[in-house]
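Participant:
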Amino acid sequence: MGEMTIRQPQDLFRGSSERDTQVDRRESIGVYREAFAQGSNRVLTIKTFKDADHDMLSRPTPKRVRDSVFVDGYIDAMIQWLEAHNFTDAKH
1037 MGEMTIRQPQ
1047 DLFRGSSERD
1057 TQVDRRESIG
1067 VYREAFAQGS
1077 NRVLTIKTFK
1087 DADHDMLSRP
1097 TPKRVRDSVF
1107 VDGYIDAMIQ
1117 WLEAHNFTDA
1127 KH
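With the numbering used here as the guide, the letters of the sequence shown map in order to residues 1037 to 1128.
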């Protein structure tokens, strides 16, 4: 695979190792850190949510999506990240 360049800020929000069975949290964080260390983009935010699964849910309900609940703090963290990197029109 050729070299890839990511120019925009990146967030890496991950669930806990116990709840996220789709991605190895430690391995994926290591891969991101290594790639960003080798590249020119240094704007990487990493945050782990202890009670989250891969989809950032604390209580997934596969049959009724509307009953699923995001882990505490995820929505606020995402909004703060978006505002900090100028992806919103928020004026505070």
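Every residue gets a Cβ at the ideal spot worked out from N, C-alpha and C, and that includes glycine.
If you draw a straight line from the alpha carbon of Ile1115 to that of Thr1081, how long is it in whole angstroms?
Facilitator: If you take the alpha carbons of Ile1115 and Thr1081, they lie about 13 Å apart.
Participant: Determine the extent of the beta strand (DSSP E) in which Ser1094 is found, giving its start and end residues.
Facilitator: Ser1094 -> beta strand (DSSP E) spans Leu1093 to Arg1095.
Participant: By a C-beta neighbour count over all protein chains shown, 10 Å radius and 16 as the cutoff for buried, is Ala1073 buried or exposed?
Facilitator: With fewer than 16 Cβ atoms within 10 Å of its Cβ, Ala1073 is classed as exposed.
Participant: Give me the DSSP bridge partner(s) of Gly1025.
Facilitator: Examination of residue 1025 is not possible in this model, given that the chain is present from 1037 through 1128 alone.
Participant: Considering only residues of the same chain and omitting the five flanking positions on each side of Asp1056, which have a CB-CB separation below 6 Å?
Facilitator: Cβ within range, chain order: Asp1089 and His1090.
Participant: DSSP three-state call for Phe1123: helix, strand or coil?
Facilitator: Coil.
Participant: Assign Arg1050 to buried or exposed, taking buried as 16 or more other Cβ atoms, counted over all protein chains shown, within 10 Å of its Cβ.
Facilitator: Buried, by the Cβ-count rule.
Participant: Among Tyr1068, Gln1046 and Arg1062, whose alpha-carbon lies nearest the alpha-carbon of Ser1053?
Facilitator: Out of Tyr1068, Gln1046 and Arg1062, Arg1062 has the C-alpha closest to the C-alpha of Ser1053.
Participant: Kindly indicate if chain B contains any beta-carbon less than 8 Å away from that of Ser1064.
Facilitator: In the displayed structure, chain B is absent; only one protein chain is listed.
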